[in-house]
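Residue numbering for the sequence shown follows this note's numbering, beginning at 17 and increasing consecutively. From the three backbone atoms N, C-alpha and C, an ideal C-beta is built for every residue, glycine too. All figures in this text were calculated on a predicted structure; none of them were measured in a lab. A short write-up of the structure that comes next.
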Amino acid sequence: MKPSAPPQTYRVKSFGCQMNVYDGERMAELLAERGITPAPEGEEADLVILNTCHIREKAAEKVYSDIGRLVLAGKQAEANGGRQPLIAVAGCVAQAEGEEIMARAPAVSIVVGPQAYHRLPEMLDKAVQGKRATDTDMPAIAKFDALPARRKRGPSAFLTVQEGCDKFCTYCVVPYTRGAEISRPFSHLVAEAQKLVEAGAKEITLLGQNVNAWSGEDDKGRRTGLGGLIRALAQIDGLARIRYTTSHPNDMEEDLIAAHGEIAKLMPYLHLPVQSGSDRVLKAMNRQHTAQSYLKLIEAFRAVRPDIALSGDFIVGFPGETEADFEDTLRIVDEVRYAACFSFKYSPRPGTPAATMDGQIAPEVMDERLQRLQQRIGAHQLAFNQASVGKTCTVLVERTGRHPGQWLGKSPWLQSVWFEGQAAIGDLVEVTLAEAGPNSLKGLVREVLPA
Ligand code: 5AD
Ligand code: SF4
17 MKPSAPPQTY RVKSFGCQMN VYDGERMAEL LAERGITPAP EGEEADLVIL NTCHIREKAA
77 EKVYSDIGRL VLAGKQAEAN GGRQPLIAVA GCVAQAEGEE IMARAPAVSI VVGPQAYHRL
137 PEMLDKAVQG KRATDTDMPA IAKFDALPAR RKRGPSAFLT VQEGCDKFCT YCVVPYTRGA
197 EISRPFSHLV AEAQKLVEAG AKEITLLGQN VNAWSGEDDK GRRTGLGGLI RALAQIDGLA
257 RIRYTTSHPN DMEEDLIAAH GEIAKLMPYL HLPVQSGSDR VLKAMNRQHT AQSYLKLIEA
317 FRAVRPDIAL SGDFIVGFPG ETEADFEDTL RIVDEVRYAA CFSFKYSPRP GTPAATMDGQ
377 IAPEVMDERL QRLQQRIGAH QLAFNQASVG KTCTVLVERT GRHPGQWLGK SPWLQSVWFE
437 GQAAIGDLVE VTLAEAGPNS LKGLVREVLP A
């Protein structure tokens, strides 16, 4: 690899989950500290970071096609007197397939795992000297301590509070790519949240692969769970909304459920994946809960917050899934009446137990089941939105709409709402929900709340 001039501009492309979006922002902050600036829209960057996702095969394969495209664009740029970009691969594909990437893609200078990206600046120095650098260590807490202060601006911000997973669902790569469960300390999180609010955040979404497994000691040295952390963050002036994602049914504590009935800033929304409605499949997935225990939890949330919007993740076509198992999944969708859902075809991931299980399902069966599931989910989503018509709520304005005077934001139930009127990004606007579609609602403005 040839030495190159230090990069002056960067672009971070994040794929996959919200944790990757958060990590991408933090990498950008590291680069900004070094005076490297975001490449202007439409221009090639000197440094491109592909912040990858390994959760399903399609997501993981994307990295190689992206590298191919960057090399081609770099060649064209060189022909016009420009430069080849430095390419860094970050995220979960880097963690899982770092060596393979280095072997398969000579154009890649840096491979950095999700727990090692605080060392990106040193790796960049090496890359500029023409030396390729790989770091896939997993010293999770060290990363957060080594990162610069938050610079994020914007009304809605992510805050990683917990990382990693000890659950080992048999289909999932996360325990291998993100490592063991760790919780960031309470005081660090309160401080980071305060910084985000000072920088303009009105809403903070707490992130973790098992966010409700977060555990720490509060400022008085008492053991506290996610409910306690949320209660503390709710004290921050200027912070209007708190959300969290993703939860695991087995880590749900009473105090977090209770917080939904007591903390007005905690939004009435819960993402609680169940994956399947069949106990047989849940067992093979090593989920360690049943459909019934999951439904009981949902009931407990509805008891304290009857309007709570529920969302979930589903996998169809897990090895051995029969038509009857799949019908159990449709049944649980009907019982919960989800406001939104994510559903996926099972994707065998190398190194996970399910990848070598008997009874792998044919692609056309998976296609057909996914279609039926999505139809059912879509019907409930539309019904949830229609039932919201007539309600008055606040919308946190996130961006302008397609036409002048139009604004787009989120309701407390995480629905996309658009409205016309006087507003600015970051405003909390009171609207009455007037019309509902499957993916968005129209609001009529009542008043703009003072910031
Ligand atoms: N195949 C398909 N979907 C998967 N998920 C995780 N691993 C796989 C896999 N191997 C889904 C689960 C999880 C979401 C983030 O991705 O539904 O909750
Ligand atoms: Fe993957 Fe299961 Fe852990 Fe979620 S709980 S990250 S699905 S292993």
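Legend entry - Cα-Cα separation between residue 385 and residue 134, rounded to whole angstroms: Cα-Cα distance, rounded: 42 Å.
Inset, instruction - Please say whether residue 332 and residue 317 have beta carbons closer to each other than 8 Å? - result: For residue 317 and residue 332, no; Cβs fall outside 8 Å.
Inset, instruction - Might you give, ordered along the chain, the residues of its own chain that have their beta carbon closer than 7 Å to the beta carbon of residue 241, omitting 5 neighbours on each side? - result: 230, 231, 269, 271 and 272
Legend entry - Any alpha helix (DSSP H) of 4 or more consecutive residues that is wholly inside the stretch 268-315: 270-278 and 295-300
Inset, instruction - Under 6 Å Cβ to Cβ from residue 164, same chain only, skipping five residues before and after it: list those, please. - result: Around residue 164, the same chain offers 45 and 49 as residues with beta carbons nearer than 6 Å, after the five sequence neighbours per side are excluded.
Inset, instruction - Helix, strand or coil for residue 26, going by three-state DSSP, please let me know. - result: strand
Inset, instruction - Could you tell me if the beta carbon of residue 142 falls within a distance shorter than 7 Å of some heavy atom in ligand 2? - result: No, Cβ of residue 142 sits at least 7 Å from all heavy atoms of ligand 2.
Inset, instruction - Pull up the distance between the alpha-carbon of residue 261 and that of residue 66, whole angstroms please. - result: 23 Å
Legend entry - For ligand 1, residues whose Cβ lies under 6 Å from any non-hydrogen atom: 71, 72, 187, 188, 289, 291, 329, 331, 360, 362, 363 and 365
Legend entry - C-beta contact flag for residue 178 and residue 224 at 8 Å: It is a contact, given that the beta carbons lie within the stated cut-off.
Legend entry - residue 126 - partner residues in DSSP beta bridges: Under the DSSP definition of a beta bridge, residue 126 partners with 104 and 149.
Legend entry - Short Cβ contact (8 Å threshold) for residue 189 with residue 70: In contact: residue 189 and residue 70 (Cβ atoms closer than 8 Å).
Legend entry - beta-carbon residue 184 near ligand 2 non-hydrogen atom, thresh 7 Å: yes
Legend entry - When 215, 456, 370 and 417 are compared against residue 398, the one with the closest alpha-carbon: 456
Legend entry - Validate contact between the stretch 73-88 and the stretch 357-366 using beta carbons, cut 8 Å, 3 pairs: yes
Legend entry - Option nearest residue 330 by Cα separation, candidates 205, 282, 136 and 298: For the residues 205, 282, 136 and 298, the minimum Cα distance to residue 330 belongs to 298.
Legend entry - Euclidean distance between Cα positions of residue 251 and residue 235: 13 Å
Inset, instruction - With DSSP as the reference, please indicate the residues paired to residue 178 in a beta bridge. - result: 199
Legend entry - Under the three-state DSSP convention, the category residue 405 falls into: Residue 405 falls in the coil class under three-state DSSP.
Legend entry - Residue from 358, 411 and 434 whose Cα sits closest to the Cα of residue 419: 434
Legend entry - Where the alpha helix (DSSP H) through residue 342 begins and ends: Element bounds for residue 342: 339-352.
Legend entry - Option nearest residue 404 by Cα separation, candidates 415, 130 and 429: 429
Inset, instruction - With residue 193 as the anchor, note down where its alpha helix (DSSP H) starts and where it stops. - result: DSSP places residue 193 in the uninterrupted alpha helix (DSSP H) bounded by 190-193.
Legend entry - Own chain residues within Cβ distance below 8 Å of residue 440, not counting five before or after: 413
Legend entry - Boundaries (first-last residue) of the alpha helix (DSSP H) holding residue 93: 73-95 is the extent of the alpha helix (DSSP H) around residue 93.
Legend entry - Element boundaries [alpha helix (DSSP H), containing residue 138]: 136-144
Legend entry - Sequence ranges, alpha helix (DSSP H) only - wholly within the stretch 216-269, length at least 4: 242-249
Legend entry - Any non-hydrogen atom of ligand 2 closer than 7 Å to residue 228 Cβ: no
Legend entry - Residue from 344, 280 and 340 whose Cα sits closest to the Cα of residue 291: Looking at the Cα atoms, 344 is the closest of the given residues.
Legend entry - Residue of 275, 459 and 453 minimising C-alpha distance to residue 436: 459
Inset, instruction - Compute the minimum distance between the beta carbon of residue 225 and the heavy atoms of ligand 2, and state whether it is under 7 Å. - result: yes
Inset, instruction - With a threshold of 16 other CB atoms inside 10 Å of the CB of residue 301, please say whether the residue is buried or exposed. - result: buried
Legend entry - Given residue 451 as reference, the closest of 426, 415, 407 and 462 once Cα atoms are compared: 407
Inset, instruction - In angstroms with no decimal places, state the Cα-to-Cα distance between residue 118 and residue 96. - result: 28 Å
Inset, instruction - Run the CB neighbour count on residue 335, radius 10 Å, all protein chains shown included, and call it buried at 16 or more, exposed below. - result: buried
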